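J.: I'd like to ask some things about the structure below.
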Amino acid sequence: MYTSKEIQEQKNYINKVKKLNNKKLKYSILTMGCQLNENDSEKICGMLEEMNYIPSNDFEDADIVIFNTCCVRENAEDKLFGKLGELKKIKETKGIIIAIGGCMMQEKHITQKLHESYPFVDIIFGTHTLHKFPEDLYKALIENKKIDDILDIDGKIYEGLPIKRSSNFQAQVTIMNGCNNFCSYCIVPYVRGRERSRDPEDIINEIKQLAKDGYKEVTLLGQNVNSYLRVEMEEIKNGKRKDTGKYDKINSFAKLLREINKIDGIERIRFVSPHPKDFTDDVIEAIRDCDKICKLIHLPLQSGSTNMLKIMNRKYTKEQYLDLVKKMKKEIPNLVLSTDIIVGFAGETDEDFEDTLDVVRQVKFEQVYMFIYSRRVGTPGDKMKNQIPEEIKHKRFDKLKALVESQIQENNQKYVGTIQKVLVEGPSKNNKDMLTGRTDSNKVVVFEGKQDLIQKIIDLKIVSEHMWYLKGKIINEG
Ligand code: 5AD
Ligand code: SF4
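Written out as structure tokens, the structure is:
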């Protein structure tokens, strides 16, 4: 792996902070939002631990508090400002460092609000400057000044940052950053910049190392995973990028999947999120052919109405989505799907909403992540005149939720009596005497078993269903 000059420089800052901290100090981190943010937080934790910090679950007890923010929906903003209110008192009594990073920091109206109303925040960093966290922290510690480290241009992809993973058998691996799609409701392209993919070699090496370290499951992350390397390949084609040969073997998402499937030790491969418009046949065939790829595919629908999909700039129709589902189900035996749906986007009529319900009824998703449309400053959706009243949004949401829950219950019953391969994750949260794990289709299964089964894939017979989890009995300990 190539370690850039910039990362080398940050490693020097890591050593400098380490020298300042001659005793172990504590950090507390709050991560909001998606798995990409979780993966970024794992990198922040990795850097902090190399700088002599140890984790603490308690803000009151910490020497540094970090918020890794999300701005996809409004509720994260309320959460951040609420938490900052709480922290103010701690900051006043005890000189802790407060650092805020992530997507929300790429929004000018948010950083302005922070400067005006929360001047006690020490470090503000954006999505393109995460790798510079050691330098920002050093400067905040030594120079005792406020650090504002935000870049508006798309950041590079940096390899070689330390990482402290939250699990020792399930890993998240970011394969690309940014998004070029500009769905009209979504803030992500404005805060994460344009699509850029990691080099295949770096991804493969990272996963090979994970396998050596005992990891069983990898989840590949990106805002639009099935356009992995597309921009790069187009640039090579039109002469904007030199062909150095590094994409000779792997030049697409399908080929990346096939290569990861060959890595010994890795037993499950998941990925989020693909875009339906980019779900090419080669990806469908790779999922079909690769035994380690879980046959639960997340396929964000957003709306079932062709009219709304056009306004949302999704670039597919209701029929095209349904045809894609049909094709995928035909090609891939035992395929199940999960999805994201937004209700109450600007202009959504009762008929449009009925179309969404219709698709849900037809596809029978395994899992549906439902969101009430949240206006985001700077997106086309926010400027639309025909916003839907909150009351109607909530009524539609409740109707969709009721349909989804009735389908889940019906679907759960299909599991009862079947034998499922389950990756055992650990003791159940609600009952420490029981274990919990997940099926290939990501269903939670709770069962009785010994602790030494943790991290193994075992066969369980499903004996009953309970809405959000299944109960199982051990058949074969793998
Ligand atoms: N309001 C509500 N939900 C949104 N999402 C993205 N932007 C918004 C918004 N402004 C949802 C989409 C996306 C998921 C990650 O979040 O469904 O797939
Ligand atoms: Fe947002 Fe659409 Fe990009 Fe997903 S594909 S991150 S919803 S703009």
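With the sequence shown counted from 1, adding 1111 to any position gets you our numbering. Just so it is clear, CB atoms sit at the ideal spot from N, CA and C, and this is done for glycine as well. Note that the structure is predicted; figures quoted are calculated from it, not measured.
What would DSSP say about F1236, mapped onto helix, strand or coil?
T.: strand
J.: Given the structure, does P1491 come close to ligand 2, in the sense that its CB is under 7 Å from one of the ligand's heavy atoms?
T.: Of the heavy atoms belonging to ligand 2, none sits nearer than 7 Å to the Cβ of P1491.
J.: Pick from M1215, I1221 and I1585: whose alpha carbon is nearest that of F1558?
T.: I1585
J.: Within the same chain, show all residues whose beta-carbon is closer than 6 Å to that of M1344, passing over the 5 residues directly before and after it, in chain order.
T.: N1362
J.: Please indicate yes or no: does the CB of P1230 lie closer than 7 Å to some heavy atom of ligand 2?
T.: no
J.: Classify N1288 as buried or exposed, calling it buried when 16 or more other Cβ atoms lie within 10 Å of its own Cβ.
T.: buried
J.: Taking the runs of the alpha helix (DSSP H) that are 4 residues or longer, which of them lie wholly in the segment 1264 to 1317?
T.: 1299 to 1303
J.: Starting from the C-beta of K1127, find all residues in its chain whose C-beta is less than 6 Å away, skip the five residues before and the five after it, and write them out in chain order.
T.: Y1249
J.: For A1210, which of helix, strand or coil comes out of DSSP?
T.: Strand.
J.: Inspect the beta-carbon positions of V1383 and T1330 and report whether they are closer than 8 Å.
T.: In contact: V1383 and T1330 (Cβ atoms closer than 8 Å).
J.: Taking 7 Å as the line, does the beta carbon of P1300 fall inside it for any heavy atom of ligand 2?
T.: yes
J.: Give the single residue among L1262, D1461 and V1284 whose Cα lies nearest to the Cα of E1596.
T.: A question about residue 1596 goes unanswered here, because the residues of the chain that appear run from 1112 up to 1589.
J.: Measuring CB to CB, does T1547 end up less than 8 Å from G1537?
T.: yes
J.: Using three-state DSSP, classify S1384 as helix, strand or coil.
T.: S1384: coil per DSSP, three-state reduction.
J.: Could you tell me whether any non-hydrogen atom of ligand 1 is closer than 7 Å to the CB of P1166?
T.: P1166 Cβ: outside cutoff for every heavy atom of ligand 1.
J.: DSSP three-state label for M1158, please.
T.: M1158: helix per DSSP, three-state reduction.
J.: Nearest to I1483 by CA position, among Q1566, L1407 and D1509, is which residue?
T.: Comparing Cα-Cα distances from I1483 to each of Q1566, L1407 and D1509, the minimum goes to D1509.
J.: Taking the CB atoms as reference points, tell me whether V1555 and W1579 lie closer together than 8 Å.
T.: In contact: V1555 and W1579 (Cβ atoms closer than 8 Å).
J.: Below 8 Å between beta carbons: does that hold for L1534 and K1327?
T.: yes
J.: Can you tell me whether F1476 is helix, strand or coil according to DSSP?
T.: coil
J.: With distances taken from CA atoms, which of N1541, L1571 and P1230 is nearest T1529?
T.: L1571
J.: Once you ignore the five residues that flank L1564 on each side, which residues in its own chain have a CB closer than 6 Å to its CB?
T.: V1535
J.: If you draw a straight line from the C-alpha of I1104 to the C-alpha of S1308, how long is it?
T.: Outside the shown range of the chain, which is 1112 to 1589, sits residue 1104, and nothing can be said about it.
J.: Could you check whether the Cβ of P1411 sits closer than 7 Å to any heavy atom belonging to ligand 1?
T.: Yes.
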